[in-house]
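As structure tokens, the structure follows; a few thoughts come after it.
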Amino acid sequence: MHPSSRFHSNKKTFVRINNAIRAKEVLVIDSTGKSLGVLPIQEAQQRAQQQGLDLVEVSPHAHPPVCKILDYGKFKYSLSKKEKDSKKGATKLKEIQLHVNINEHDFLIKLKQAEAFMAKGMKVKFNLFLRGREITHQDLALNLMNRLIKELAHVGQTDQEPKLAGRNISLTFTPLPANKRLLKYNLPETETTRIREENREKQKEKENTSKEGNKDA
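When we follow the working numbering, the leftmost residue of the sequence shown carries the number 76, and every step to the right adds one.
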């Protein structure tokens, strides 16, 4: 049984136990989960002592406060584990800004950043704001976002297609399961160089195709 004390968690919450409980009467739940009804605090503490357990105040703001008879050490461990699990389950979101006229080199840097974040299990949100006359280039902005979907398919996926909201276009990626994530842009320099060259060739082919199409027109 623990001495009269309080448990201080990372969230700045305090749990009163045993003689630190201030209420004169408390609703008591025994170690099996059975309600013992409202008891004077002294009687509740005695019952806990008789079982070699602690009286722990679990709902201090209830009327009367609710206390449980349990092993405080196990209770403390359970709270700590829940906090850790909660932090693990919370997925961080990283935001990356884009420009409609971004060049190929800067675009590759953005891809590397996004891939690195998602490889660590983080969500990534791309934001593209169309300034002034850039609003007339909505097609370029949407094409850029759609390209992101293709370029990052090996590490993440998006739930919906990019859409224009006012002057802003956003796109959020959720990382794939850990065993399905692949690296493409954060590889050793030789491999990265090869991929960069491939991307440049693809871009040149698109530009040439576009020029030929304009000539035919």
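Cβ coordinates follow ideal geometry from the N, Cα and C atoms, glycine included.
One or two residues paired with N243 in a DSSP bridge:
Its beta-bridge partners are F204, A240.
Taking DSSP as the reference, what is the three-state secondary structure of Q232?
Here Q232 carries a strand assignment [DSSP, helix/strand/coil].
Please state whether the Cβ-Cβ distance between A95 and P140 is less than 8 Å.
No, these two residues do not count as a Cβ contact at 8 Å.
Is the beta carbon of L130 closer than 8 Å to that of Q120?
Contact flag set, yes.
Can you give me the Cβ contacts of I116 inside the same chain, cut-off strictly under 7 Å, excluding the 5 residues immediately before and after it?
Closer than 7 Å at the Cβ level, and outside the excluded window around I116, lie I96, A98, K99, E100, V101.
Pair within 8 Å by beta-carbon distance, L258 and E190
In contact: L258 and E190 (Cβ atoms closer than 8 Å).
Is the distance from the Cβ of V90 to the Cβ of E132 below 8 Å?
At the C-beta level, V90 and E132 come within 8 Å of one another.
Starting from Q172, trace the beta strand (DSSP E) both ways and give me its first and last residue.
For Q172, the uninterrupted beta strand (DSSP E) segment begins and ends at 168-173.
Following the continuous alpha helix (DSSP H) through L219, name the residue where it begins and the one where it ends.
Counting along the chain, the alpha helix (DSSP H) containing L219 begins and ends at 213-226.
How far does the beta strand (DSSP E) with E179 in it reach, from first residue to last?
Premise fails: E179 lies in the alpha helix (DSSP H), 179-194, not in any beta strand (DSSP E).
Alpha carbon to alpha carbon, how far is G108 from K151?
The alpha-carbon atoms of G108 and K151 are separated by roughly 18 Å.
Give the secondary structure of G148 by DSSP, where H, G and I count as helix, E and B as strand, and everything else as coil.
In this structure, G148 counts as helix in the three-state DSSP scheme.
Compute the Euclidean distance between the alpha carbons of A228 and I244, then round it to the nearest angstrom.
Their backbone Cα atoms lie some 19 Å apart in a straight line.
Would you kindly work out how many angstroms separate the C-alpha atoms of K169 and K187, rounded to a whole number?
If I take the Cα positions, the gap works out to 13 Å.
Which residues in the same chain have their Cβ closer than 7 Å to the Cβ of L134, if we skip the five residues on either side of it in sequence?
One point to set straight first is that residue 134 is Ser, not Leu, in the sequence displayed. In the same chain as S134, and ignoring 5 residues on each side of it, the C-beta atoms closer than 7 Å to its own belong to P140, V141, in chain order.
Buried versus exposed call for P250 [16 or more other C-beta atoms within 10 Å across all chains shown]:
A buried status is given to P250, since no fewer than 16 other beta-carbon atoms sit within 10 Å of its beta-carbon.
Check whether the Cβ atoms of L246 and T233 lie closer than 8 Å to each other.
Yes.
If you check the beta carbons only, do V230 and R208 fall under 8 Å apart?
Against a cut-off of 8 Å, the Cβ pair of R208 and V230 comes out as no contact.
With the cut-off set at 8 Å, would you say L219 and L173 are in Cβ contact?
At a Cβ-Cβ threshold of 8 Å, L219 and L173 count as neighbours.
Under the rule that 16 or more other beta-carbon atoms within 10 Å means buried, what is A123, buried or exposed?
Answer is buried; the Cβ neighbour count reaches 16.
Output the distance between the C-alpha atoms of L154 and V175, rounded to the nearest integer angstrom.
Approximately 48 Å between the Cα atoms of the pair.
What does DSSP give as the partner residues of G112 in its beta bridges?
The partner list for G112 (beta bridge, DSSP) reads V103.
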